[in-house]
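Visitor: This note's numbering applies: residue 290 is where the sequence shown begins, and numbers increase by one. Quick one: this structure, given as structure tokens, is what I'll be asking you about.
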Amino acid sequence: MVLPWLALPLGGLFLLPAVLAKDPVPFALRLLALYGGLAGALGLLYALHLEWRRTEERGRRWTRFLEALARLSPRVTQTLSPEGVLLGVLEAAQELLPQAVGLELRARGSLVGERAPHLLPVPLNGDAAYLHLRTPPEEPVPPGFLALLGERLRQVLRQAEWGAMAYTDPLTGLFNRRGLEVELPKLLALSRRYLAPVSVVMLDIDRFKAVNDTYGHPVGDEVLRRLGRILKESVRKEDLAVRYGGEEFLLVLFGAEREAAKEVVERIRERFRNERVAPIPYPLTLSAGIAGGEVPEGRERDPRRVDPQGRLRPPPGQGDGAGPGDPGLSTPLWLSPERGPRGRATSWASSWPSWPRGSSAPRSCGRRPCPRPSGKGRAPPGPSGPRGRKAA
290 MVLPWLALPL
300 GGLFLLPAVL
310 AKDPVPFALR
320 LLALYGGLAG
330 ALGLLYALHL
340 EWRRTEERGR
350 RWTRFLEALA
360 RLSPRVTQTL
370 SPEGVLLGVL
380 EAAQELLPQA
390 VGLELRARGS
400 LVGERAPHLL
410 PVPLNGDAAY
420 LHLRTPPEEP
430 VPPGFLALLG
440 ERLRQVLRQA
450 EWGAMAYTDP
460 LTGLFNRRGL
470 EVELPKLLAL
480 SRRYLAPVSV
490 VMLDIDRFKA
500 VNDTYGHPVG
510 DEVLRRLGRI
520 LKESVRKEDL
530 AVRYGGEEFL
540 LVLFGAEREA
550 AKEVVERIRE
560 RFRNERVAPI
570 PYPLTLSAGI
580 AGGEVPEGRE
590 RDPRRVDPQG
600 RLRPPPGQGD
610 GAGPGDPGLS
620 TPLWLSPERG
630 PRGRATSWAS
640 SWPSWPRGSS
650 APRSCGRRPC
660 PRPSGKGRAP
670 PGPSGPRGRK
680 AA
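Here you go:
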């Protein structure tokens, strides 16, 4: 402390009036008393200055602490995991307690940082949360610090849980459509900033309806869970893995050209083929399509825009039967091991097959048959009749 070190100068400051009051006072004693008084005054000012500096530093640390807690807002934590929340709260606590090295939530079995011999309990509505300190606090813990830390931790954990429920598919643990809408603009902005290509993969489980109809929905749910686990283990943290709907899954691969995306898909299909889900007796297979492989030019060229409905078109002979070409991206690649045109298995191709001369690509009319044109005009090409036959 500063005050014991200033005991002698402060004593001189108080003795100065008593010494000067005597008459006569030797000159040397007057100088000594004057020196002691001045030293005491300067020491007192220095002590006040140090105290002011410490108060100012505590204020700055409190400001940084509160700003760090404020950054854990709902907008930022919508997709944070509980571990990410704990890490953010620990970094905020280190602004006031630099010796804090870990934060543990024993009720959830979560720990970020490292364990230490000194613990500070954090109130959290009955849950046991502890700050791990490398050394004991040099000063008393600021009043209200632990209560404020615990309350903010409780709020952000609840917000993260709500975000997970809103943006995550509960069956597979992947993003859902809403999560894709939130995360995709961030990934596209990152791609344009670093000029990194983006590839989009659509995956579809073959014969999934037959699995549900034959073996029941619990078996179908297990198939979906197995594929979700494979997808999570096959992508990086920069990528997006989405359950797009039903048995359809979407991957957005950051920094991957089409050939790299093809390798990723081949690994996924191989792992999924080796999965055995009782009582299904046959291997599980996937149909897959790839689009993109380039730097997106803007939000209007969303990588998912391979048809007007915002999904990858199925290959010829499957689904709606879309035609070739796309205004936003290069032609997608398709692979289906189980079905294809004329019942043959298809393979990776760099373009759609060319259609016979004199015919046009089949139109996509959803689940309904395409209507015949009314009035004068040509009938759709195909087995219904020769080209040029008048419509009825």
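C-beta: ideal position from N, C-alpha, C; glycine also. Small disclaimer: the values here were computed from a predicted structure and weren't measured.
Give a yes or no on whether the C-beta atoms belonging to Val531 and Leu542 are separated by under 9 Å.
Guide: No. Outside cutoff.
Visitor: Have a look at Gly325 and His338 and give me their C-alpha separation to the nearest angstrom.
Guide: Rounded to the nearest angstrom, the two C-alpha atoms are 20 Å apart.
Visitor: Among the residues of its own chain, which have a CB less than 6 Å from the CB of Gln388, if the five just before and after it don't count?
Guide: Leu422, Arg423 and Thr424, listed in sequence order.
Visitor: Would you call the CB atoms of Leu273 and Leu379 closer than 9 Å?
Guide: Any question about residue 273 goes unanswered here, given that the chain covers just 290 to 681.
Visitor: Less than 9 Å separating the beta-carbons of Pro429 and Leu386?
Guide: Result no, Cβ atoms of Pro429 and Leu386 do not sit closer than 9 Å.
Visitor: Counting pairs of Cβ atoms below 8 Å between the stretch 576-587 and the stretch 510-523, do you hit three or more?
Guide: No, because fewer than three Cβ pairs between the stretch 576-587 and the stretch 510-523 fall closer than 8 Å, the two stretches do not touch.
Visitor: For Met454, count the other beta carbons within 10 Å of its own beta carbon; 16 or more makes it buried, fewer makes it exposed. Which is it?
Guide: It is exposed - the Cβ of Met454 has fewer than 16 other Cβ atoms within 10 Å.
Visitor: With DSSP run on the structure shown, which of helix, strand or coil describes Gly578?
Guide: Three-state DSSP puts Gly578 in a strand.
Visitor: Which of the three DSSP states, helix, strand or coil, is assigned to Gly569?
Guide: A small correction: the amino acid at residue 569 is Ile; Gly does not occupy that position in the sequence shown. Coil at Ile569, not helix or strand.
Visitor: Three or more C-beta pairs under 8 Å: does that hold for the stretch 478-488 against the stretch 558-569?
Guide: They do not touch, by the three-pair rule.
Visitor: When you compare each of Leu394, Glu403, Glu372 and Ala436 to Ala418 by their alpha carbons, which one comes out closest?
Guide: Closest option to Ala418, Cα to Cα, is Leu394.
Visitor: For Ala322, count the other beta carbons within 10 Å of its own beta carbon; 16 or more makes it buried, fewer makes it exposed. Which is it?
Guide: Ala322 is buried by the Cβ-count criterion.
Visitor: Using 10 angstroms around the beta-carbon of Asn465, count the other beta-carbons present and answer buried if the total reaches 16, otherwise exposed.
Guide: Answer is buried; the Cβ neighbour count reaches 16.
Visitor: Near Leu460, what residues of its chain come up, given a Cβ to Cβ distance below 8 Å and the 5 sequence neighbours on each side ignored?
Guide: Here the set comprises Asp510, Leu513, Arg514, Gly517 and Arg532.
Visitor: Determine the contact status of Ala436 and Pro412, defining contact as a CB-CB distance below 9 Å.
Guide: Yes.
Visitor: How is Asn563 classed by DSSP in three states: helix, strand or coil?
Guide: Helix.
Visitor: Per DSSP, what kind of secondary structure is Pro412 in: helix, strand or coil?
Guide: In the structure shown, Pro412 sits in a strand (DSSP, three-state: E or B).
Visitor: Report all residues from its chain with a CB closer than 7 Å to the CB of Leu484; omit the five preceding and five following residues, and keep chain order.
Guide: Excluding residues within five positions, the ones whose Cβ falls inside 7 Å are Val584.
Visitor: So, under 8 Å CB-CB, Leu539 and Leu469 are touching, yes? Tell me the CB distance rounded to an integer number of Å.
Guide: Going by Cβ atoms, the distance from Leu539 to Leu469 rounds to 7 Å, so yes, they are a contact pair.
Visitor: Which residues mark the beginning and the end of the alpha helix (DSSP H) in which Val500 is found?
Guide: Here the alpha helix (DSSP H) through Val500 covers Phe497 to Tyr504.
Visitor: Report yes if the C-beta distance between Pro371 and Arg397 is below 9 Å; otherwise report no.
Guide: Contact flag set, yes.
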